[in-house]
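Engineer:
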Amino acid sequence: MADSNALGAYLRNRRTKLDPASFGLPAGRRRTSGLRREEVAQRANISTTWYTWLEQGRGGAPSSDVLDRLARALTLTEIEREHLFLVGLGRLPEVHYRRSDPITPRLQRLLDALGHSPAIVKTVTWDVVAWNRAAAVVLTDYDKLPPDQRNILRMIFSDSRIRAAQYDWNAVARFVVGVFRLDAARAGAEAEVAPLVEEISRLSPEFASMWRDNDVRRYGDGVKHLRHPEVGPLALEYSALAIDGRPDLSLIVFNPATPADRTLIETLLDAAPALSVAAE
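Residues 7 to 286 in the numbering used here are what the sequence shown lists, from first letter to last.
Written out as structure tokens, the structure reads:
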């Protein structure tokens, strides 16, 4: 819920923490620390009177455009901008898609620590950007694929090995298409995924038909059944998890569903050579 008093307090707090010198402004004799109200208003291209009212909790509900301009004027971080929208409008700002930054070594170490549980990190456009050794031996050895070919949607419809590994490929494909559509829409990435959708539509009439259905799904959690070419049937409980501070990424973990499935994964890991799983 929007809170005009909380908005005013937050604007005032952020303003007083700014260093005038970093904006090329003279320090001079200032009664308070930080920027003056008129300086913030000028940077945000709004009137000083209205900005003053906003800080006093009586300026009315600002538009999302005004909040965006204030966020830039106050040089807010992404998380600070989100908080500004929450107190100012009672909701998060609209999502603007941006390409993913590289994952951190700490996140890769987390994947590696999962041991017998295949785990991957994917972008909102379903490019796999990190994985662990268990994922390489159970799901796909992503390290053997060029980075631009590590897209889950493309692989589902173009890789015969992945298709053969599914017990019900049609159901899996429809599920993937529905979740992909929802992820892209939530991230505001429809324009970015359009070339990929067009490419797969040309290559796969099945995908083109599923895409036209406009179904949406949520990943959530469940059980994935695979036919592994070396050890046969495998059951994996999967969970999709958000990565705090990285709205552009999600973590998917596949845990062995039974002790027998864990043993099969151990067999694959013991038989496989050491693999390079560094993300690109």
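Don't be surprised by glycine CBs; every beta carbon is placed ideally from N, CA and C.
Only a predicted model underlies this, so the values are computations on that prediction, with no experimental measurement involved.
1) For Asp133, list the residues DSSP reports as bridge partners.
2) With a threshold of 16 other CB atoms inside 10 Å of the CB of Glu61, please say whether the residue is buried or exposed.
3) List in chain order: all unbroken alpha helix (DSSP H) runs of 4+ residues lying wholly within the segment 195-252.
4) In chain order, what residues of the same chain have a beta carbon less than 8 Å from the beta carbon of Asn53, not counting five sequence neighbours either side?
5) Just to confirm before moving on: does the CB-CB distance between Val127 and Ala195 stay below 8 Å?
6) Of the choices Glu205, Ala193, Tyr173, Pro124, whose alpha-carbon is the least far from that of Ser164?
7) Does the segment 19-27 come close enough to the segment 77-87 to have 3 or more Cβ pairs within less than 8 Å?
8) Are the CB atoms of Ser39 and Phe260 nearer to each other than 8 Å?
9) Which residue from Asp154, Asp219, Arg167, Arg75 puts its Cα closest to that of Pro235?
10) Per DSSP, what are the beta-bridge partners of Phe260 in this structure?
11) Expressed to the nearest angstrom, what Euclidean distance is found between the alpha-carbon atoms of Ala190 and Arg160?
12) Checking 8 Å against the spacing of the C-beta atoms, do Tyr16 and Val93 come in under that value?
13) So, using beta-carbon positions, are Leu255 and Leu247 closer together than 8 Å?
14) Mind the definition here: the segment 145-155 touches the segment 262-274 only if three or more C-beta pairs lie below 8 Å; say whether that holds.
15) So, with DSSP's three-state summary, where would you put Ile271?
16) Who are Ala125's beta bridge partners in DSSP?
17) Where does Glu286 land, buried or exposed, given buried means 16+ other C-beta within 10 angstroms?
Structural biologist: Walking through what the data contain:
1) Working through the sequence shown from its first residue, we reach residue 133 at position 127. Per DSSP, Asn157.
2) As a position in the sequence shown, residue 61 is number 55, starting the count at 1. When all chains shown are included, Glu61 counts as buried.
3) 196-209, 211-218
4) On the sequence shown, position 47 is the one that residue 53 refers to. Looking at the sequence itself, residue 53 is Ser, so the reference to Asn does not match. The answer, listed in chain order, is Ala47.
5) As a first step, residue 127 must be located in the sequence shown, where it is residue number 121. As a first step, residue 195 must be located in the sequence shown, where it is residue number 189. No, the pair does not count as a contact, with Cβ atoms beyond the cut-off.
6) Your numbering for residue 164 matches position 158 in the sequence shown. The residue with the shortest Cα to Cα distance from Ser164 is Glu205.
7) yes
8) Residue numbering aside, residue 39 sits at position 33 when the sequence shown is read from its first letter. Residue numbering aside, residue 260 sits at position 254 when the sequence shown is read from its first letter. Cβ distance not < 8 Å, so Ser39 and Phe260 don't count as in contact.
9) Counted from its first residue, the sequence shown places residue 235 at position 229. Among Asp154, Asp219, Arg167, Arg75, the Cα nearest to that of Pro235 is on Arg167.
10) Your numbering for residue 260 matches position 254 in the sequence shown. Tyr244, per the DSSP bridge assignment.
11) Translated into the one-based positions of the sequence shown, residue 190 becomes position 184. Translated into the one-based positions of the sequence shown, residue 160 becomes position 154. Between Ala190 and Arg160, the C-alpha separation is close to 15 Å.
12) Locating residue 16 in the sequence shown gives position 10, where the first residue counts as 1. Locating residue 93 in the sequence shown gives position 87, where the first residue counts as 1. Yes.
13) The count along the sequence shown starts at 1 and reaches residue 255 at position 249. The count along the sequence shown starts at 1 and reaches residue 247 at position 241. Going by C-beta atoms, Leu255 is not nearer than 8 Å to Leu247.
14) no
15) Counted from its first residue, the sequence shown places residue 271 at position 265. Reduced to three states, the DSSP call for Ile271 is helix.
16) Residue mapping note: residue 125 aligns to position 119 of the sequence shown, counting from 1. According to DSSP, Ala125 bridges with Val259.
17) Translated into positions along the sequence shown, residue 286 becomes position 280. Confidence in Glu286 is poor, its pLDDT being 33 and thus under 50, which makes the residue's placement unreliable; the coordinate value appears in the next sentence. With fewer than 16 other Cβ atoms within 10 Å, it is exposed.
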